[in-house]
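Enquirer: Below are the structure tokens for one structure; questions will follow.
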Amino acid sequence: MSQIGKKPISIPSGIEIEYKNNSFQASKGGKILSCIVHDEVSLDINENEIFVKRKDDSKKAKELHGLTRALMNNILKGLDQGFQKELNLVGVGYTVENKNEFLLLNLGFSHPIYFQKPDGIDFETPNNTTIIVRGIDNQLVGDVSAKIRELRKPEPYKGKGVKYKDEIIRRKAGKTVGGAA
């Protein structure tokens with residue numbers, strides 16, 4: 006049995022859950038997240054816990070068991086606490102400015118980059134080299150963070166670029182001058 010799939014999911018207070026026709030939907034304060042539950046697994050919903058059960062022991066059911074439980078847990082955690090990722094800009098002149106509907110990024114190119122804010126995402130810039138991406142959908146927060154990082158990935162020689170807060174950049178040694186012949 007799946008190590009993750011067999012754990013029950015506790016339902017935080019204030020979250021309303023609806024499950025019908027293989028569609029799981031959770032809402033809190035006007036925010037709604039939903040997920041489609043595959044036919045190979047089913048949900049048992051009590052008043053304060055959700056159990057994910059698989060219908061048989063086929064390979065497909067085993068694969069979907071842990072995945073479905075993790076998706077349900079992320080939905081409930083997102084509605085209750087939210088998700089965030091922090092990005093740092095490393096490099097001389099690399100700055101970010103938070104406008105209302107977009108981020109203005111200066112990443113060493115000849116032009117500034119305007120990054121449009123998607124629905125369901127909030128940006129916070131505590132200083133001009135830090136971006137905090139917040140939202141209730143874990144997948145969307147990760148996708149937006151990856152797209153911002155993709156604009157200027159950290160390079161291995163000087164470490165300049167956009168990196169995650171806890172990311173470690175593997176550095177390379179530069180060329181040596183005057184090698185032996």
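Per this note's numbering, the sequence shown runs over residues 6 to 186. Even glycine gets a Cβ: it sits at the ideal position worked out from N, Cα and C. All values reported here derive from a predicted model rather than from experimental measurement.
Considering only the alpha carbon of each residue, which of Val101, Ile141, Asp49 lies closest to Lys36?
Expert: Selected option, being the one with the closest Cα: Ile141.
Enquirer: Along the chain, where does the alpha helix (DSSP H) that runs through Arg74 open and close?
Expert: That run of the alpha helix (DSSP H) goes 64 to 85.
Enquirer: Run the CB neighbour count on Phe128, radius 10 Å, all protein chains shown included, and call it buried at 16 or more, exposed below.
Expert: Phe128 should be labelled buried.
Enquirer: Quick one: residues in its chain with C-beta nearer than 6 Å to the C-beta of Lys165, no 5 flanking neighbours on either side, listed in chain order?
Expert: Around Lys165: Val95, Gly96.
Enquirer: Figure out for me which residue from Ser28, Pro117, Tyr99, His43 has the closest Cα to the Cα of Phe107.
Expert: The candidate whose alpha carbon is nearest that of Phe107 is Pro117.
Enquirer: From the DSSP output, which residues share a beta bridge with Asn93?
Expert: Beta-bridge pairing links Asn93 to Thr135, Lys168.
Enquirer: Have a look at the DSSP bridge pairing and note the partners of Glu102.
Expert: Beta-bridge pairing links Glu102 to Leu109.
Enquirer: Write down the C-beta distance between Lys90 and Val138 rounded to the nearest angstrom, noting that I regard them as a contact closer than 8 Å.
Expert: Contact flag correct, Cβ pair sits at about 5 Å.
Enquirer: Considering just the uninterrupted stretch of the beta strand (DSSP E) at Val46, what are its terminal residues?
Expert: Per DSSP, Val46 belongs to the beta strand (DSSP E) from 46 to 50.
Enquirer: Out of Ala31, Ser150, Lys180, which has the shortest C-alpha to C-alpha gap to Glu172?
Expert: Comparing Cα-Cα distances from Glu172 to each of Ala31, Ser150, Lys180, the minimum goes to Ser150.
Enquirer: Considering only the alpha carbon of each residue, which of Gln121, Ala31, Arg154 lies closest to Thr135?
Expert: Looking at the Cα atoms, Arg154 is the closest of the given residues.
Enquirer: Excluding the 5 residues preceding and the 5 following Gln121 in the sequence, name in chain order all residues of the same chain whose CB lies nearer than 6 Å to its CB.
Expert: Phe107.
Enquirer: Thinking just about the alpha-carbon of each residue, which of Arg59, Met77, Val42, Val57 is nearest to the one in Ser32?
Expert: Looking at the Cα atoms, Met77 is the closest of the given residues.
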